[in-house]
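Since the structure comes first, as structure tokens, the remarks are kept for the end.
Numbering (our numbering), first residue to last: 647 to 974.
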């Protein structure tokens, strides 16, 4: 015997799908279907009809980028971006760590106005899924440089360059909190400035990143643990810890996010923090259209650790230039 649609059935439909009822389109679908139903209409038919009409959920802003990158992962003529790639021909900083920063002849001639750029790419290490569909193992490399382009007393030296190689495993997971998508990343990274003593700065860390995304935004929470190094060796020993207190200034986690303001503009932020020490940093940026495929980029930094040589020196910096690739 078929169950016909009654008042109790209608209430059952609405109360059995509270999450769907919160969505305007789905709510309208159930109401319209109920109004147009006849005595012989089955509850299951209404559910099936509205589920069929429900718009398909997109993978999310970051997943869309990764899916597009997969098409060219193994094309030898394509370099896959990792973090942002940009050139800031003009930046202004509030100051340098002039006590221990670089060779005296450079710091004495350094200007607060300088150029800055970042190059970042990744290389996939697996052709097929390792454990599950969509996972991937990557090698990544990020390079940042601060260039004394405007000094007149020296031959335009690079004041500081930081190198950050890493290997990480990316894993999409079936978590959909509040209708979002979630992925995990497990990584090992090294960061150094490639200098000899006494200006050498470096550290190694392992991290777990939790990435949550929706259609127009993505959040990345990245706690880490620094691999210990010896700080009891002689100061001239290259195996000695160059910066034993770096976590005090760089913190133990990073929270970053990106948002599509519209089709041509994106905003992003990064926050690092050591809650106990009360030290950290914030970086914010926005990309905007200029002409054709050329995208403008405005960046602001405030805090510790913009560069490794300045990890224990607080400064502000603002820069303007061009973004070669974006985050989303």
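Yeah, the Cβ is synthetic: ideal placement off N, Cα and C, and Gly gets one too.
- DSSP lists 941 as the beta-bridge partner residues of residue 935.
- Residues 855, 857, 902 of the same chain have their beta carbon placed closer than 6 angstroms to that of residue 866, with the five preceding and five following residues left out of the count.
- Buried is the label assigned to residue 728, since at least 16 other Cβ atoms lie within 10 Å of its Cβ.
- In the DSSP assignment, the residues bridged to residue 919 are 926.
- Residue 824 is positioned such that its CB atom lies no closer than 8 angstroms to that of residue 852.
- Using a Cβ-Cβ distance cut-off of 8 angstroms, the stretch 936-951 and the stretch 961-972 are in contact, since at least three pairs of beta carbons, one from each stretch, lie closer than that value.
- The continuous stretches of beta strand (DSSP E) do not include residue 861, and DSSP gives it neither H nor E.
- In this structure residue 959 is buried. Its beta-carbon is surrounded by 16 or more other beta-carbon atoms within 10 angstroms.
- Counting only runs of 3+ residues, the beta strand (DSSP E) found wholly inside the stretch 826-850 occupies 827-838, in chain order.
- Here DSSP, grouped into helix, strand and coil, assigns residue 911 to strand.
- The beta carbon of residue 849 sits closer than 7 angstroms to those of 837, 872, 889, 892, all from its chain and outside the five residues before and after it, given in chain order.
- DSSP places residue 953 in no alpha helix (DSSP H); its state is neither H nor E.
- Check the Cα spacing between residue 773 and each of 764, 721, 863, 868: the tightest is with 721.
- Excluding the 5 residues flanking it on each side, residue 864 has same chain C-beta neighbours closer than 6 angstroms at 707, 708, 904, in chain order.
- Close CB contacts of residue 796 within its chain, under the 6 angstroms cut and outside five residues either way in sequence, are with 757, 759 (chain order).
- Shown here for residue 954: same chain residues with a beta carbon closer than 6 angstroms to its own, the five before and five after excluded, namely 808, 839, 847 in chain order.
- Annotation: residue 809 is outside any alpha helix (DSSP H); the continuous beta strand (DSSP E) that includes it extends over 804-819.
- Under the 10 Å beta carbon count, residue 885 is surrounded by fewer than 16 other beta carbons and is classified as exposed.
- Residue 696 and residue 705 have their C-alpha atoms some 21 angstroms from each other.
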